[in-house]
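Residue numbers (my numbering): 8 to 240. Beta carbons are placed, not taken as given, at the ideal position from N, Cα and C, and that holds for glycine. Remember, predicted model here, so these are calculated numbers, not experimental data.
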Amino acid sequence: MRPTNPKWILLAVVLLATPLWARERTGELAPPEVKKEQDAIMKALETGNKHHMNNVSRKTGLARIMVVSCADSRVPPEVVFHMQPGELFTTRAFGNIVDKELLASLEYGAEHLNARVLVIMGHTNCSALKEAIEEHNHPRTEWRSLNQRALNQQLEPAVAEVEEDQRIARARTGKMLEGEAFLDAVVRTNILSTMHAIREQSPLLWNLENNDMIKIVACIYHLDTGKVEWLKQ
Ligand SMILES: [Zn+2]
Numbered sequence: 008m009r010p011t012n013p014k015w016i017l018l019a020v021v022l023l024a025t026p027l028w029a030r031e032r033t034g035e036l037a038p039p040e041v042k043k044e045q046d047a048i049m050k051a052l053e054t055g056n057k058h059h060m061n062n063v064s065r066k067t068g069l070a071r072i073m074v075v076s077c078a079d080s081r082v083p084p085e086v087v088f089h090m091q092p093g094e095l096f097t098t099r100a101f102g103n104i105v106d107k108e109l110l111a112s113l114e115y116g117a118e119h120l121n122a123r124v125l126v127i128m129g130h131t132n133c134s135a136l137k138e139a140i141e142e143h144n145h146p147r148t149e150w151r152s153l154n155q156r157a158l159n160q161q162l163e164p165a166v167a168e169v170e171e172d173q174r175i176a177r178a179r180t181g182k183m184l185e186g187e188a189f190l191d192a193v194v195r196t197n198i199l200s201t202m203h204a205i206r207e208q209s210p211l212l213w214n215l216e217n218n219d220m221i222k223i224v225a226c227i228y229h230l231d232t233g234k235v236e237w238l239k240q
């Protein structure tokens with residue numbers, strides 16, 4: 008067998024390594040406090056996990072409840088509904104949206120866990136929708152991240168819908184919602200939009216709901232009181 012030419016080996020190594028050196032650092036490097044903060048967080052996570060190991064729930068069985076909620080740290084569904092690990096099957100994204108992958112997760116829960124109730128939960132004072140309102144009022148010309156633009160494209164219709172409703176209301180009554188009341192209306196509209204998206208984009212879930220195999224409900228969590236308010240569809 009002919010020995011491999013060392014030149015080709017060198018070229019292969021250079022080509023394989025290219026992504027590593029081509030991907031340069033951009034922006035300013037983090038100050039030293041950030042490293043300290045990260046170390047403290049890792050310690051807190053490890054300590055927290057040790058506590059958890061002492062109290063771990065060994066509950067078996069299938070989660071009969073699925074929840075779609077916002078990624079906001081103040082609205083963990085297990086805490087809000089006072090449930091234990093193993094009881095809720097959750098998907099969380101900023102602004103409680105669903106996409107294809109999250110829908111696939113819900114479909115898995117419905118088919119394999121036999122989930123009987125699917126809860127769509129938004130919450131008051133949602134930062135994702137505040138951002139969407141800001142973007143609607145002052146559209147940016149350039150996005151730093153295409154992922155963020157895609158998220159905004161999902162949230163924006165709720166803002167546009169409420170604005171249109173308010174335009175009609177003002178024409179009729181001379182009054183319209185502003186500030187927090189406007190945000191609250193957008194949050195509610197967005198929760199129902201997610202509900203409609205699930206029905207429209209997942210024939211599997213829609214069929215299960217139509218056959219009464221799964222109940223799909225919507226709610227808003229009030230950050231100030233902890234109350235879950237169930238929404239009429
Ligand atoms: Zn939120």
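Closest to Arg123 by C-alpha separation, out of Ala111, Lys239, Leu238 and Ile223, would be which residue?
Ile223
Excluding the five sequence neighbours on either side, which residues of its own chain have a C-beta within less than 8 Å of the C-beta of Thr67, listed in chain order?
Gly93
Three-state secondary structure (DSSP) of His229
coil
Sequence ranges, beta strand (DSSP E) only - wholly within the region 18–104, length at least 3:
72–76 and 95–99
Opening and closing residue of the alpha helix (DSSP H) in which His143 lies:
Ser134 to Asn144
Any heavy atom of ligand 1 closer than 7 Å to the CB of His59?
no
Backbone secondary structure at Ile127 - three-state DSSP
strand
Relative to the C-alpha of Cys77, which candidate in Met90, Arg99, Leu95 and Asn62 has its C-alpha closest?
Arg99
Where does the unbroken beta strand (DSSP E) through Trp150 begin, and where does it stop?
Segment: none, Trp150 is in no beta strand (DSSP E) and carries neither H nor E.
Separation of Leu109 from Met8, as counted between CA atoms
For Met8, the predicted model reports a pLDDT of 48, less than 50, meaning its position is unreliable; a value from the coordinates is still stated below. Cα to Cα, the separation comes out at about 52 Å.
Could you give the DSSP three-state label for Glu185: helix, strand or coil?
coil
So is the beta-carbon of Gly233 under 7 Å away from any non-hydrogen atom of ligand 1?
no
Along the alpha helix (DSSP H) that carries Leu212, what are the first and last residues, could you check?
Pro210 to Asn217
Give a single yes or no on whether Gly102 has its beta carbon closer than 7 Å to a heavy atom of ligand 1.
yes
Would you report the Cα separation of Gln91 and Lys137, rounded to the nearest angstrom?
31 Å
Under 8 Å, Cβ to Cβ, is there at least one residue of chain D near Leu190?
Of the chains in the structure shown, none is chain D; there is only one protein chain.
Quick one: what does DSSP say Lys107 is sitting in, helix, strand or coil?
helix
Using only the alpha-carbon positions, how far apart do Met60 and Gly116 sit?
26 Å
Please report how far the alpha carbon of Ile205 lies from the alpha carbon of Ala188, in whole angstroms.
26 Å
Suppose you measure from the CA of Pro84 to the CA of Val105; what does that come to, to the nearest Å?
16 Å
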